[in-house]
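Remarks on the structure that follows.
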Amino acid sequence: MAKTKIAYFCQSCGFESAKWLGKCPSCQQWNTFVEEILEKPNASVPNWKASPSPTQRANKPVQVTDITFSEEHRLLTPDKEFNRVLGGGIVAGSLVLIGGEPGIGKSTLMLQLALNMPNIKVLYVSGEESDKQIKMRAERLAPQPAAGKAIGEGCFILTETSTQNIFKQIEELEPDLVVVDSIQTLHSAHIESTPGSVSQVRECTAELLRFAKESSTPVFLIGHITKDGMIAGPKILEHMVDTVLQFEGDRHHVYRILRTIKNRFGSASELGIYEMLGEGLREVSNPSEILLSQRDEPLSGITISATLEGMRPMLIETQALVSTSAYGTPQRTATGFDTKRMSMLLAVLEKRCGFKLGAKDVFLNITGGIRVEDPAIDLGLAAAIISSHEDIPIPFKTCFAGEIGLSGEIRAVNRVEQRIAEAQKLGFEQIFISKYNMPTAAKDKKRLDLSRYTINVIPVGRIEEVFGLLF
Ligand code: TYD
Ligand code: MG
Numbered sequence: 001m002a003k004t005k006i007a008y009f010c011q012s013c014g015f016e017s018a019k020w021l022g023k024c025p026s027c028q029q030w031n032t033f034v035e036e037i038l039e040k041p042n043a044s045v046p047n048w049k050a051s052p053s054p055t056q057r058a059n060k061p062v063q064v065t066d067i068t069f070s071e072e073h074r075l076l077t078p079d080k081e082f083n084r085v086l087g088g089g090i091v092a093g094s095l096v097l098i099g100g101e102p103g104i105g106k107s108t109l110m111l112q113l114a115l116n117m118p119n120i121k122v123l124y125v126s127g128e129e130s131d132k133q134i135k136m137r138a139e140r141l142a143p144q145p146a147a148g149k150a151i152g153e154g155c156f157i158l159t160e161t162s163t164q165n166i167f168k169q170i171e172e173l174e175p176d177l178v179v180v181d182s183i184q185t186l187h188s189a190h191i192e193s194t195p196g197s198v199s200q201v202r203e204c205t206a207e208l209l210r211f212a213k214e215s216s217t218p219v220f221l222i223g224h225i226t227k228d229g230m231i232a233g234p235k236i237l238e239h240m241v242d243t244v245l246q247f248e249g250d251r252h253h254v255y256r257i258l259r260t261i262k263n264r265f266g267s268a269s270e271l272g273i274y275e276m277l278g279e280g281l282r283e284v285s286n287p288s289e290i291l292l293s294q295r296d297e298p299l300s301g302i303t304i305s306a307t308l309e310g311m312r313p314m315l316i317e318t319q320a321l322v323s324t325s326a327y328g329t330p331q332r333t334a335t336g337f338d339t340k341r342m343s344m345l346l347a348v349l350e351k352r353c354g355f356k357l358g359a360k361d362v363f364l365n366i367t368g369g370i371r372v373e374d375p376a377i378d379l380g381l382a383a384a385i386i387s388s389h390e391d392i393p394i395p396f397k398t399c400f401a402g403e404i405g406l407s408g409e410i411r412a413v414n415r416v417e418q419r420i421a422e423a424q425k426l427g428f429e430q431i432f433i434s435k436y437n438m439p440t441a442a443k444d445k446k447r448l449d450l451s452r453y454t455i456n457v458i459p460v461g462r463i464e465e466v467f468g469l470l471f
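Per full-length UniProt numbering: the sequence shown ends with 471, consecutive numbering throughout.
Set out below in structure tokens:
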């Protein structure tokens, strides 16, 4: 009898080992190895067209000047935010992974896309829901107009989990775009282990990759993310696909962000913003306007920061609450912001500016349920903390953009012109920026020409200076 081939895989990073290990040498996690059966004896199941994979084909070296290619054909979707994160539309033959926590709206996003693609055939493969469930969702997403052409005519639904059967249907239907929901539910007959295991996920992705490249059909894969942000177990998936998009946001808020993590065909710092409504996702083309709450009186502890997410300027409201701690250990909580960075800011405010924050509870919140990584938000946060501590509101129509260094200096931020322009566009009257962002040489003056702006730009060098001007 032929022998069954087995291997042990780390379920966290996908590391493969011939024997069981207690600790993964790659990601240092304990107890993550699981036995998986790799190959069934005499598995004679047809593969995608049963052709040799591109790696098996004997290719000859070609001079780079001899390689010809026509201008990369990109398929534009009706969703502008989606085109933006892909770097300007869908590239033929690309394999795109869309990761996100369960319930964030990945299926909604992809189904909406499948329904709205004009004049092409889209195959939406689902291993998670029945066709009736999908139809119900589709009804909600694309209510049929009373007259005219129905939306979603080019969208075909297939509820299937076996890759071999999926390829059979693809050969018959010949779709222009394939969506798979989700990679964790697929299984290939070439591998014995259960769907969702490292070897299955890897094999199914490899088969879809081969299909995408050989047929030049773009394929979208939905992948669930585990709590710690890994695309369910295997990080290897990220290496195999061309583009990785992450769908994130707070489930209790309406805003969702689609972020590019990796992109072989465009910038990896793009970002799309959506609003989750009863009838599906709506693109948000001007994020600043919705992220700022409408207030008619200044309140203490609230500031606006001019941040940049990806290539996009965005004005974000930050709130702080500083109060005397009722218990021995003060509480420090930050929502949408790194807690370690908050501790650093508090230490700087205590040491450099003499504010006694050591025995205070400090709560920070970025409104809209989004997460900000741009360090330019530091200055705004520090101002919010002190505004709450002193109970003095920040003047109306003021915003901030500056990073705070350990010695209390305000450091320069990138693309300051874009931030100033956005603040001005939204009617702000003054913006605090780092003095190191101010033009010194003639060539800088050309780039940041302050005479172009009507907004009052206030350069500051140290954090004490800001408070001197504000309070
Ligand atoms: P879903 O796309 O099923 O999430 P995922 O595929 O990432 O697991 O989205 C589920 C959530 O979206 C669910 O909590 C309900 C909400 N939702 C809306 O608010 N409006 C809608 O039109 C739809 C379809 C879903
Ligand atoms: Mg889903």
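Cβ coordinates follow ideal geometry from the N, Cα and C atoms, glycine included.
Restricting attention to L158, N119, P118 and L113, the CA atom closest to the CA of Q133 is found in L158. When distances are taken from the beta-carbon of E128 to the heavy atoms of the ligand MG, the shortest one is below 7 Å. At least one heavy atom of the ligand MG is found less than 7 Å from the C-beta of K106. Residue state for T454 is assigned as coil, using DSSP reduced to three classes. In this structure, I431 lies away from V466, with their beta-carbon atoms at least 8 Å apart.
Listed as beta-bridge partners of F156 by DSSP are L123. Counting other Cβ atoms within 10 Å of its Cβ, Q28 stays below 16 and is therefore classed as exposed. In terms of side-chain proximity, the C-beta atom of E279 is found nearer than 7 Å to a non-hydrogen atom of the ligand TYD. A distance below 8 Å between beta-carbons, with the five flanking residues on each side excluded, links P313 to the following residues of its chain, in chain order: S288, A306, T307, R415, Q418, R419, A421 and E422. For I431, the enclosing beta strand (DSSP E) covers residues Q430 to S434. Burial is judged here by how many other beta carbons sit within 10 angstroms of a residue's own beta carbon; K360 has at least 16 and is buried. Fewer than three Cβ pairs drawn from the stretch 210 to 226 and the stretch 329 to 336 lie within less than 8 Å of each other, which leaves the two stretches out of contact. In its chain, beyond the 5 residues on either side, Y8 have a beta carbon closer than 6 Å to the beta carbon of S17. As a beta-bridge residue in DSSP terms, S162 pairs with H187. Between the alpha carbons of Q184 and E153 lies a gap of roughly 28 Å. From the listed residues R210, S387, R202 and Y436, the smallest Cα separation to H187 is found for R202. Here the stretch 91 to 104 makes no contact with the stretch 124 to 131; the two share fewer than three CB pairs at distances below 8 Å. Taking C-beta atoms under 8 Å as the contact rule, L357 and V322 qualify, at a distance of about 7 Å.
The beta-carbon separation of R352 and S434, rounded to 16 Å, does not stay under the 8 Å limit for a contact. Scanning the stretch 234 to 299 for uninterrupted beta strand (DSSP E) segments of 3 residues or longer gives 243 to 248, 255 to 263, 271 to 277 and 280 to 283, listed from N- to C-terminal end. Note on the stretch 361 to 416: whole beta strand (DSSP E) runs with a minimum of 3 residues are 398 to 401, in chain order. Between I222 and M110, the C-beta gap is smaller than 8 Å, which places the two residues in contact. Its Cα nearest to that of M344, the residue I404 stands out among D391, M311 and I404. At least one heavy atom of the ligand TYD lies closer than 7 Å to the C-beta of G103. Comparing alpha carbon positions, the residue from F337, T243 and I463 closest to E350 is I463. At a threshold of 7 Å, R74 does not count as near the ligand TYD, since its beta carbon sits no closer than that to any of the ligand's heavy atoms. DSSP lists I302 and N365 as the bridge partner or partners of Q319. In the three-state reduction of the DSSP assignment, G14 falls in the coil class, being assigned neither a helical nor a strand state.
Between the ligand MG and D181, a heavy atom-to-CB distance of less than 7 Å is present.
Sequence-distant partners of V244 (beyond 5 residues in either direction) whose C-beta falls short of 6 Å from its own C-beta, in its chain, are L97, E238, I261 and K262. The C-beta distance from F265 to G87 rounds to 5 Å, short enough to fall under 8 Å.
Annotation: P393 to P118 spans about 51 Å, alpha carbon to alpha carbon. Between N116 and N59, the alpha-carbon positions lie close to 39 Å from each other. Per the coordinates, the alpha-carbon of L291 lies some 50 Å from the alpha-carbon of I37. With respect to S388, G301 sits close: the two C-beta atoms are nearer than 8 Å.
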